[in-house]
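> Protein chains in written order, with my numbering: chain C, 63 to 846; chain X, 67 to 302; chain Y, 3 to 82; chain L, 3 to 82.
Backbone N, C-alpha and C define an ideal beta-carbon position, used for all residues, glycine too.
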Amino acid sequence: MSMTEPAITPDLVAKHNLTPEEYQHAVKILGRNPTYTELGIFSVMWSEHCSYKNTRPLLKTFPTRSPRILVGAGEENAGIIDIGHGLAVAFKIESHNHPSAVEPFQGATTGVGGIIRDIFTMGARPVCAANSLRFGELSSAEVRRLFSGVVQGIAHYGNCFGIPTVAGEVYFDRSYEGNPLVNAFCLGVLRHEQITRGAAHGVGNPVFYVGPATGRDGLAGAAFASQDLTEASAEQQRGAVQVGDPFMEKLVCEACLELLATGAVAGMQDMGAAGLTCSTCEMAARAGTGIEIELDKVPQRAPGMSSYEIMLSESQERMLVVVHKGREEEVKRIFDKWDLPWAEIGVITDTGHMVVRHGGRQVVNIPARKIADESPVYHREAVEPAYLQAVRAFRLDGVPDTVQPLEDLKRLLAWPSIASKNWVYRQYDHQVRAGTVVLPGSDAAVIRIKEDCLPVMSAELAARVESQTAPGQAFPEKYLALTVDCNGTYVYLDPYEGGKAAVTEACRNLACSGAIPLGATDNLNMANPHKPELFWQIRESVRGLAEACRAFDAPVTGGNCSLYNQNPNGPIDPTPTVAVVGLIEKPEHITTQWFKDEGDTIILLGEAVDLGDPLLGLGGSAWLQVVHGLKTGAPPRCDLEAARTLHTTLVGLIQSGLIKSAHDCSEGGLAVTLAECTMSRMEARGTPRFMGATVDLSEWPETRTSALLFGETQSRVVATCTSRDGCKVVERARLMGVPAQIIGKVGGERLTLKTRGSEFSASVDELHHPWWNSLAKHMNQPGE
Amino acid sequence: MNFSVLQFPASNCDQDAVHAIRRLGHHARLVWHKDNLPAGTDAVIVPGGFSYGDYLRCGAIARFSPVMQSVRQFADKGGWVLGICNGFQVLTEAGLLPGALVRNRDLQFHCEQVYLKTAAADTPFTRRIPADKPLRIPIAHGEGCYYADEATLAELRANGQVLWQYCDSEGNVTDQANPNGALHNIAGICNKGRNVAGLMPHPERACEALLGSEDGKWIFESLFEAGRERPAAGTP
Amino acid sequence: MKAKIIITPKKAVLDPQGKTVQNALAHMGYTAVTGVHIGKYVEIDLAPGTDRAAAEAALSEAGRKFLSNPVIEDFKLELE
Amino acid sequence: MKAKIIITPKKAVLDPQGKTVQNALAHMGYTAVTGVHIGKYVEIDLAPGTDRAAAEAALSEAGRKFLSNPVIEDFKLELE
Ligand SMILES: Nc1ncnc2c1ncn2[C@@H]1O[C@H](COP(=O)(O)OP(=O)(O)O)[C@@H](O)[C@H]1O
Ligand SMILES: [Mg+2]
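1. Give the residues of chain X in contact with valine 499/C, contact being defined as C-beta atoms less than 7 Å apart.
2. Between alanine 296/C and the rest of its own chain, which residues show a CB-CB distance below 6 Å, the 5 nearest in sequence each way excluded?
3. Are the stretch 273-283 of chain X and the stretch 252-263 of chain X touching, with three or more C-beta to C-beta distances below 8 Å?
4. Hey, is the stretch 183-198 of chain C in contact with the stretch 270-283 of chain C, meaning 3+ C-beta pairs nearer than 8 Å?
5. Between tyrosine 212/X and chain C, is the shortest Cβ-Cβ distance under 8 Å, so that the two count as touching?
6. Assuming glycine 65/L and isoleucine 40/L are in contact, meaning their beta carbons sit under 8 Å apart, how far apart are those beta carbons, in whole angstroms?
7. Going along the chain, which unbroken runs of the beta strand (DSSP E) with 3 or more residues stay wholly within the stretch 367-431 of chain C?
8. I'd like to know whether the C-beta of threonine 22/Y is nearer than 8 Å to at least one C-beta of chain L.
9. Excluding the five sequence neighbours on either side, which residues of its own chain have a C-beta within less than 7 Å of the C-beta of leucine 475/C, listed in chain order?
10. Report yes or no: is there a C-beta of chain D within less than 8 Å of the C-beta of alanine 55/L?
11. I want to verify the contact list: residues of chain L whose CB lies under 9 Å from the CB of histidine 39/Y, in sequence order.
12. Could you check whether the Cβ of threonine 36/L sits closer than 8 Å to any Cβ belonging to chain C?
13. Below 8 Å on the Cβ atoms is my contact criterion, and I expect phenylalanine 772/C with glycine 819/C to pass it. Report the Cβ-Cβ distance as a whole number of Å.
14. Under 9 Å between beta-carbons, which chain L residues line up against phenylalanine 209/C? List them in chain order, please.
15. Is there at least one Cβ from chain X nearer than 8 Å to tyrosine 490/C's Cβ?
16. Cβ of glutamine 843/C less than 8 Å from any chain L Cβ?
17. Can you list the residues of chain C that cysteine 79/X reaches, using a CB-CB cut of under 7 Å?
18. Assuming proline 594/C is part of the beta strand (DSSP E), what are its boundary residues?
19. Measuring alpha carbon to alpha carbon, tell me which of Cys515/C, Thr498/C, Gly141/C and Gly266/C ends up nearest isoleucine 509/C.
20. Can you check whether the C-beta of leucine 2/L is within less than 8 Å of a C-beta belonging to chain C?
21. Using C-beta distances below 8 Å, list every residue in its chain close to serine 479/C, excluding the 5 sequence neighbours before and after it, in chain order.
22. Alpha carbon to alpha carbon, how far is glycine 31/L from aspartate 47/Y?
23. On the DSSP letters alone, give me the boundaries of the alpha helix (DSSP H) that glutamate 100/C sits inside.
24. Any idea what DSSP makes of methionine 310/C, helix, strand or coil?
25. Does DSSP classify proline 234/C as helix, strand or coil?
26. Using 10 angstroms around the beta-carbon of cysteine 574/C, count the other beta-carbons present and answer buried if the total reaches 16, otherwise exposed.
27. Just to confirm the assignment: which complete beta strand (DSSP E) runs, minimum length 3, are found wholly within the stretch 155-209 of chain X?
28. Taking Cβ positions only, does isoleucine 8/L come closer than 8 Å to chain Y?
29. In chain order, what residues of the same chain lie with their CB nearer than 8 Å to the CB of tyrosine 43/Y, ignoring the 5 residues before and after it?
30. For chain L, check one thing: does any of its Cβ atoms lie closer than 8 Å to the Cβ of alanine 60/Y?
31. Going along chain X in order, which residues have a C-beta closer than 8 Å to the C-beta of glycine 748/C?
32. Give me the DSSP bridge partner(s) of threonine 339/C.
33. Counting only Cβ pairs nearer than 9 Å, list the residues of chain X close to methionine 30/L.
34. Might you give, ordered along the chain, the residues of its own chain that have their beta carbon closer than 7 Å to the beta carbon of cysteine 611/C, omitting 5 neighbours on each side?
35. Would you say alanine 26/L lies against chain X (beta-carbon separation less than 8 Å)?
36. Whose Cβ in chain C lies nearer than 8 Å to the Cβ of alanine 64/L?
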């Protein structure tokens, strides 16, 4: 270890991203000046990434309660929701944006690894993953390198770990150039009794370290994630890039779940951002205890690591486990069975302090609860950005209506943000664990929870479950739907409406699949909060998210904030990604988006065009962007009451067995939605199943054809039923207060679409080709 | 029938194989890589996954596991062994099946449904598969491109050891239907003794209507039928 | 002591990775490139005092039996 | 003329593959092995008559910018 530690100067403090006031507060907490290692610890613990110091006041506005919530937001590494029959799910989304900008493959792998650890830390078995991605435009070779690196990284980690990656989203927009967004989601399953806490309970209990040796990986990664991303910062990033090892993670996960079943564990936490520092501090703070560790006992990969380096290293796949005293042998037996490196590194104390020794010296002595709970909180200034005036003033007067609707449709279908994402999800194993019922490619993924999804049970729990199960009674299988959504363009153009729209679209996707929301997790991908105009974006979008989560009874169980996202040309579009998980009552209610049978009736639920919107749903639309090169205009309004009525009505109709397919209208409007309904069913490699349709919209009052075909008016769903049920569905929907109209019939090999002012017809094959192959075509471009 | 499903570090389709076999009404248990095959084993499944992270080469490290010694003895005595995906790779690395599996020709991992033509019906792995029925079964692999030298390929064909080939929905073996560049569209083969087989697709993921296909069950049904006719030959 | 093992795909085996790199190099204007072959490089650190001949024998065996797959690869061992 | 490029993970960067192979070798009884590092080996055939200095410059650039990932890997070029 290096013996000479740098003197603490104002410059060094500033380099650690601590303000003079924050530093003074640290001195007050300690009652003296910090050591170099302690300075590092304050720096990471009080970074945005770990402390949410800029966003905490906003996060408090999210709804976080419901009768189903077993572990709420902020309590632990992930929230937990009851799904009935003593079963529960833990899920969360997290970002790895800056590391992915530096090294796309490893940035993505370690993002996936981190979120999987957050889930099994709770005692849950991880059973599916999802992701939300943003990149610049694919015409740039650098963007293609980032995109393919990130997708390969996600694939590598998830596939090897053995978790199906079942859903996600990808958008391409210039604002993300150089600052891609990589948000990873994971969901796990457990019994209520298996919930594990990340608390360091039990004075005298030993503390175990398990996982690979600590190296100089991602030193100060949490602090790095809390700065503006500049070329210089990427270069300067101290320490080595973190490399993910999914093989190790799989072993650590299995060993930890096996260990939990022994009952020997008092508390457990993964070493994520800020590694050993964050895990020890938080565990002690949660339990109100102290913790003492000996760094000489920590397995080390590199020679001569300093205490600063060991404490701040972000080497991956490591866990901290507090074990009931006297049960050490069981821990050793299980870790050895899995050939995992482990070490006993410390003990729980009653001092309330986190004490670290290294080379015979005490290098850290900090009151754990104070550093964890007394982190600074900032109420940042918010000012409406100037650009919004122009956005709101935008009118369609100068924009000609569509003249070639079929050409426009094909351009939209080939637009990378709308085109099929098969090039992406084909690289992910989305079927491992034999539970994926609806694969990627429909509105929401659906997975089946069966008995082997659960972690190993303790003998005692197994006996209890057995005694409560009638002989011959089958395991109560569950069906979960999940989706990730956010239209960043809408949020940029109106953060509040855009925030609402993100949650609403996610819930609409669930409704189309037959599911009722259980809860949500969000990832606020935002720019620099110190700039009032950018903070305003954060604040307003959170207001929208919170209101919508309330409206749909989807409490937020946790999430992540990634601030300081920007590229050299400016901030990213504010992107509050939302993942919502829902429950489907019975397997027969599982619904997919593609048309099913010839002769079925096509019904539009919702208003074809919002006539109260001066832009008729075209503000911020894909059509304006693709056909006119305009990214402006107020985005479509999101009426939460109307949306809620639509969702409950649709799920009710599905539960009555009336609906054969349902697909929500989002980017590209009704024409894109209908096209997707005719062509998105994939039977097998090279074998799509087409189902044409004839749709007549000429009943609609005179309006722009582009608004009718490509407008993105919210709260609309295209559903089908047998021709016999058509009128019944329309009546029942109207009775519930949902506008409904029969608009056509399924059949043939063409999509024919008629409005008052236009008519076109195209073979489904002709539409499928540009849509299905667009991403592959972009990615196969050679060189520059 | 009693199936032993091997469990290497980072096997991850082991539970899926157990689930499929049990659902079809037979017994399956997991066998840890440091153990031997349990007595009473009628057939062995070497499951899919990423044994040892697939580091170095897929299946290269797993083949040295203690359990593989006992699988080799079991196979030598005529016991039935089926390798799925990573299991197929392990069996070729172990020399229990000829050839090798290399990187997919487009260098990408492929997870998708494919059709399989059954090229030989006279094996315990294929006997129950309805004639002329292309099986719809998913694949999920990055290194599934079957390779063997000319002499080996000629021998495989002469002996009818090619069991499955990638085909289209009509059963035509075309280049378009080949997801990974495998020679002769080979998706699965057996050894000369016809008691050891491997395939890249995942039949255990295609045994339930809920999951979109039940075609995979024919492969297991074949083994069940073989098992009914003959008591286990390879029980150690 | 250090051992270096170079593992290369056999000539008859398809090497799509090599081909891709070759194409990319051609696109970047490296026109003199007529072929690219991609293999693996394994560096092994040996404990000080290891007997050279014994190490050579052991690692040749490991190279043949484990580090390479003779169906698709050749390998070369160097001790330094 | 031939160029050989050896790409190895940087020393400070985790090499899970090397570590796993090292463990496997230990299990197989190769006890003298104290470390394993796994990298890539790229062999490039160059057209006869290619200028050596030009090739060296071009391939160093390709090695740095394209064949290796400088964030996590080092590379070494040899012309023969
Ligand atoms: N990165 C990704 N990973 C996995 N699946 C993805 C990804 N991106 C898109 N998908 C899948 O492709 C389908 C279409 O996605 P998207 O166009 O975003 O749908 P929607 O507009 O209904 O939200 C969905 O099933 C989605 O889960
Ligand atoms: Mg949708």
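Answer, in terms of the structure:
1. Leu276 and Leu277
2. Reliability fails at alanine 296/C, whose pLDDT of 46 lies under 50, so the model's placement of it is uncertain and the value that follows must be treated cautiously. Result list for alanine 296/C: Val164, in chain order.
3. no
4. Judged by pairs of C-beta atoms under 8 Å, the stretch 183-198 of chain C does not touch the stretch 270-283 of chain C, as fewer than three such pairs exist.
5. no
6. Going by Cβ atoms, the distance from glycine 65/L to isoleucine 40/L rounds to 18 Å, so no, they are not a contact pair.
7. 381-385, 404-411, 415-420 and 423-429
8. no
9. Ala481, Val734, Ala737, Leu829, Pro832 and Trp833
10. You won't find chain D in this structure, because its protein chains are C, X, Y and L.
11. Ordered by position in chain L, the residues that pass the 9 Å Cβ test against histidine 39/Y are Tyr43, Val44, Glu45, Ile46 and Asp47.
12. Interface criterion not met: the Cβ of threonine 36/L is under 8 Å from no Cβ in chain C.
13. Wrong, their Cβ atoms sit about 13 Å apart, outside the cutoff.
14. Going along chain L, no residue has its Cβ under 9 Å from phenylalanine 209/C, so there is no contact; the nearest lies around 16 Å.
15. yes
16. no
17. Val494
18. Looking at the DSSP string, proline 594/C is not in any beta strand (DSSP E); the run it does join, the alpha helix (DSSP H), is 594-613.
19. Thr498/C
20. The displayed coordinates of chain L run from 3 to 82. Any statement about residue 2/L would go beyond what the structure contains.
21. Val232, Tyr233, Phe234, Asp235, Ala684 and Glu729
22. 15 Å
23. 98-107
24. helix
25. Residue identity check: residue 234/C is phenylalanine in the sequence provided, not proline. Here phenylalanine 234/C sits in strand by DSSP.
26. buried
27. With a minimum length of 3 residues, the continuous beta strand (DSSP E) runs that stay inside the stretch 155-209 of chain X are 166-168, 176-184 and 201-207.
28. Interface residue (Cβ-Cβ distance to chain Y less than 8 Å): isoleucine 8/L is classified as such.
29. Lys6, Ile7, Ile8 and Ile9
30. Yes, alanine 60/Y counts as interfacial toward chain L.
31. Asp234, Gln242 and Ala243
32. DSSP, once it has assigned bridges, lists no residue as partnering threonine 339/C.
33. Phe130
34. Phe124, Pro125, Val565, Ala582, Pro617 and Val618
35. yes
36. Ordered by position in chain C, no residue passes the 8 Å Cβ test against alanine 64/L, which lies about 12 Å from the chain.
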